[in-house]
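Residue numbers (the numbering used here): 3 to 603.
We treat Cβ as the ideally placed atom computed from N, Cα and C, and that holds for glycine.
This structure is a prediction, so every number in the text was calculated from the model and none was measured.
Read through the structure below, which is laid out as structure tokens, and then see the notes.
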Ligand code: FEO
Ligand code: CA
Ligand code: CA
């Protein structure tokens, strides 16, 4: 009898051991490990990517944008943090600057969100990530660490590198810059504050989760969990509105109210109404003020995914990431003309916002949120379209929107035009809903929507599940060991291959590491996710973004070590230096053989 082959896990460990040794010698620029497919479901302190691929570290929290030097930690001053890459990188948009004659990207801009902070890992004495103990200057560092970064990247000797000191580089944060407010809610009395009696200008942006990219070259930045910035306890009408966004009576995650009255709702009760929007940023023009586009509604925007209707109008899909909240679609009033991209700026100020109503039959109806139509009148407390947009969640409930299980990212197949909606989970739902027959839905799912007539402006769509997350014994639809759960972000490659990230918290029940999966949308393997990589302990991969040439995947590794502390981090990725905490980091992944990313995958 031949000797039995080594167990797969043993092979994986042998591979890991070898790469760890090479990594320690510094042969590969930063610390990651190779594992053969399939990768293990568990994570460790390292980034694990399959053999045949290589990863490059581009930039990490605390790297100065002017010269690439890394700050010392903890970061002591807000001005240092503001001049450096922010914390918890999430959404990534790649904007091309230059390509060669074959179409290979040579230079571009990366427009990157910074969602929130983990003070327990950023400073030695914060004690907690929620309402941490921070000095006034440290609180300003915290405000400076969120928001957005624009960086320039260039291919040097076959590898992507950051262009330090680029004229395009830019930071947005909770400290600034001035962001304009446009669209139907601009100037609304409920957007007016003592610092801005016009209701048209707001300082900064935060809770920037996923986003989108327009055909005219701008980035759409989604403001998501804005409740985390506001402190105080209100009563009355404004409190009712804030309660719908989890604001009126809770302490804040960020202790910003201690240094800025804007974040204390008893002092500035309208300030929260100026967040929860989609911000449009022109990464090609660092002088241009970003704009909050109120026509797209106010809720916990996970994303703002852009496409066009058959007649050229602009469509933005956006999930509202909270249990029992909804999926939205905005359609612009006017079409986009590709021959005049500059005219795209402003198209998102006029149009129709709708919310999804799912039927058991597999149909989906988009129900418009228009002042004066149906129940959306003064009898329901709305006096204008601005009122509806500020309290979008309330209007959506009134028109019969279908509650969903934390609607996150939305992605559109470039091959078929079908729309994919990632739904992370519902821990609390006890009843089945038209969109999900599993209650509770701890593992999440992905829905596939097919626009009628292949037109994203159609009032109707058909819907069907693509994936029910988790193993089959938990009601999942996937076979084998590499199953996915808690889908969050997605991306399509140029060949129509669908890639999905997971955002799961550590569970005592099973050993599961977050990562990136290839998820076939057609053929025999439809919905059978295959694990591609595993990210370091406590982290979540975000913002998967392919270059238009199909050779590179950019990935944002957010909150490595989350749940642990400055003194005992579960990982010190990517530096593994005792004087540096784990750092959220952007990476680029490519094939070793120089082929397109998914060449033979
Ligand atoms: Fe910020 Fe919905 O994840
Ligand atoms: Ca997300
Ligand atoms: Ca998430």
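Just mark residue i as buried or exposed, buried being the case when its beta carbon has 16 or more other beta carbons within 10 Å.
i           : result
residue 528 : exposed
residue 44  : exposed
residue 456 : exposed
residue 377 : exposed
residue 411 : buried
residue 608 : It is not possible to answer for residue 608, since the shown part of the chain is limited to 3 through 603.
residue 287 : exposed
residue 226 : buried
residue 359 : buried
residue 486 : buried
residue 391 : buried
residue 491 : buried
Apart from the five residues on each side of it in sequence, which residues of its chain come closer than 7 Å, Cβ to Cβ, to residue i?
i           : result
residue 430 : 325 and 442
residue 600 : 495, 497 and 499
residue 382 : 400
residue 337 : 313, 314 and 315
residue 428 : 325, 407, 408, 442 and 443
residue 435 : 404 and 405
residue 446 : 407, 425, 426, 427, 471, 487, 488 and 489
residue 192 : 272, 275 and 392
residue 594 : 54, 55 and 56
Closest to residue i by C-alpha separation, out of the options, would be which residue?
i           : options               : result
residue 214 : 439, 581, 575 and 547 : 547
residue 596 : 55, 51 and 36         : 55
residue 522 : 502, 305, 557 and 451 : 502
residue 255 : 309, 355 and 141      : 141
residue 212 : 180, 375 and 318      : 318
residue 304 : 293, 290 and 331      : 331
residue 402 : 340, 536, 472 and 370 : 370
residue 518 : 199, 526 and 538      : 538
residue 85  : 468, 357, 111 and 73  : 73
residue 566 : 42, 108 and 122       : 122
residue 132 : 543, 416, 531 and 257 : 257
residue 109 : 581, 549 and 297      : 549
residue 170 : 347, 154, 176 and 177 : 154
residue 49  : 289, 598 and 535      : 535
residue 564 : 209, 47 and 251       : 47
residue 38  : 532, 507 and 239      : 532
residue 59  : 343, 489, 557 and 233 : 557
residue 476 : 450, 464 and 511      : 511
residue 349 : 297, 388 and 321      : 297
Taking 7 Å as the cut-off, is the CB of residue i close to at least one heavy atom of ligand 2?
i           : result
residue 547 : no
residue 91  : no
residue 212 : yes
residue 491 : yes
residue 544 : yes
residue 505 : yes
residue 304 : yes
residue 410 : yes
Less than 7 Å between the CB of residue i and some heavy atom of ligand 1, yes or no?
i           : result
residue 521 : no
residue 322 : no
residue 327 : no
residue 71  : no
residue 117 : yes
residue 226 : yes
Beta-carbon within less than 6 Å of residue i's beta-carbon, same chain only, minus the 5 sequence neighbours each way: which residues are those?
i           : result
residue 57  : 34, 51, 589 and 591
residue 113 : 95, 152, 221 and 285
residue 202 : 183, 188 and 189
residue 308 : 214, 216 and 318
Note down, in chain order, each residue of its chain lying with its Cβ closer than 8 Å to the Cβ of residue i, except the 5 sequence neighbours on either side.
i           : result
residue 166 : 66, 67, 68, 69 and 70
residue 139 : 78, 79 and 80
residue 585 : 62, 63, 64, 562, 575, 576 and 577
residue 200 : 189 and 194
residue 242 : 250
residue 554 : 107, 162, 548, 590, 591, 592 and 599
residue 386 : 186, 190 and 373
residue 130 : 121 and 122
residue 268 : 234, 235 and 236
3 or more residues per run - each beta strand (DSSP E) lying fully within the segment 538-599: 542-548, 555-560 and 587-593
3-residue-minimum beta strand (DSSP E) runs that sit fully inside the segment 380-435, ordered along the chain: 409-414 and 421-425
Complete runs of the beta strand (DSSP E) confined to the segment 249-322 [at least 3 residues]: 280-283, 293-295, 307-310 and 315-321
In chain order, each alpha helix (DSSP H) run of at least 4 residues that lies wholly inside the segment 92-142: 121-124
Runs of beta strand (DSSP E) wholly within the segment 145-227 (minimum 3 residues, chain order): 149-158, 161-164, 172-174, 180-184, 203-205, 210-215 and 221-225
Completely contained beta strand (DSSP E) runs for the segment 330-383, where each covers 3 or more residues: 353-360 and 365-370
Secondary structure, beta strand (DSSP E): runs of 3+ residues fully inside the segment 452-497: 462-470 and 489-494
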